[in-house]
Amino acid sequence: MSNPEDTPEAVTEEAPAPAAASEETAAASPATAAPKRKKGKRIVAEGVVHIHSTFNNTIVTITDTQGGAISWASAGSVGFKGSRKGTPFAAQLAAENAAKKASDQGMRSVQVLVNGPGGGREPALRSLQGAGFAITAIRDVTPIPHNGCRPPKRRRV
731 MSNPEDTPEA VTEEAPAPAA ASEETAAASP ATAAPKRKKG KRIVAEGVVH IHSTFNNTIV
791 TITDTQGGAI SWASAGSVGF KGSRKGTPFA AQLAAENAAK KASDQGMRSV QVLVNGPGGG
851 REPALRSLQG AGFAITAIRD VTPIPHNGCR PPKRRRV
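Residue numbers are given in the numbering used here: position 21 of the sequence shown equals residue 751, and the series is strictly consecutive.
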């Protein structure tokens with residue numbers, strides 16, 4: 731029992747060794763090797779604004795002509811919660827927010843694709859014009875069923 735390897739000190743010295751080995755393997759993995767960097771700002775002169783307006787929310791995404799997202803905003807990301815996300819004012823603020831981010835990257839002219847039946851369609855469009863974008867085309871791309879799914883039941887208020 732007088733063997734120095736059996737003392738508690740020797741055991742505590744050996745315990746950190748496996749932890750150090752796991753740190754080395756974690757540092758060697760590519761996911762933790764370098765922190766994720768933010769993409770640099772691109773200069774994009776023209777793009778496409780996608781306005782997805784439902785009864786519950788409005789999402790505005792601004793992309794380049796190939797479809798790569800440049801900026802986006804929704805009524806929820808602007809700070810509205812619950813039923814207030816479906817209001818026209820929330821859609822207006824969301825479009826202004828997305829337009830500001832895109833104009834910081836040099837966007838000047840846009841095509842607008844409007845999708846959905848919500849109340850935020852036109853306020854979002856007006857706020858894009860107010861942000862200084864030259865709107866070249868406006869298209870409604872709302873899918874229209876050829877008698878597909880059964881619609882929700884009528885509300886009795």
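Beta carbons are placed, not taken as given, at the ideal position from N, Cα and C, and that holds for glycine.
#1: May I have the straight-line CA-CA distance separating Phe785 from Gly797, to the nearest angstrom?
#2: Under a Cβ-count criterion, where at least 16 other Cβ atoms within 10 Å of its own Cβ denotes burial, should Asn827 be classed as buried or exposed?
#3: Going by beta carbon distance, what residues of the same chain come within less than 6 Å of His780, once the five residues before and after it are set aside?
#4: How is Ala803 classed by DSSP in three states: helix, strand or coil?
#5: Can you grab the Cα-Cα spacing for the pair Thr872 / Gly850, in whole Å?
#6: Closest to Ala854 by C-alpha separation, out of Ser783, Val774, Glu776, would be which residue?
#7: Could you check whether the stretch 833-847 touches the stretch 861-870, counting it as contact only if at least three pairs of C-beta atoms, one from each stretch, sit closer than 8 Å?
#8: Apply the 10 Å Cβ neighbour rule to Ser801 and answer buried if 16 or more other Cβ atoms are within range, or exposed otherwise.
#9: Can you pull the DSSP bridge partners for Val840?
#10: Determine the contact status of Ala805 and Thr788, defining contact as a CB-CB distance below 8 Å.
#11: Out of Thr795, Lys766, Pro818, state which residue places its alpha-carbon closest to the alpha-carbon of Glu776.
#12: Using C-beta distances below 8 Å, list every residue in its chain close to Val778, excluding the 5 sequence neighbours before and after it, in chain order.
The structure says:
#1: 25 Å
#2: buried
#3: Thr791, Leu843
#4: Of the three classes helix, strand and coil, the one that applies to Ala803 here is strand, per DSSP.
#5: Rounded to the nearest whole angstrom, the CA to CA distance from Thr872 to Gly850 is 14 Å.
#6: Ser783
#7: yes
#8: buried
#9: Gly777, Ile865
#10: yes
#11: Checking every option, the nearest Cα to that of Glu776 belongs to Thr795.
#12: Ile792, Thr793, Asp794, Thr795, Gly797, Val840, Gln841, Val842, Leu843
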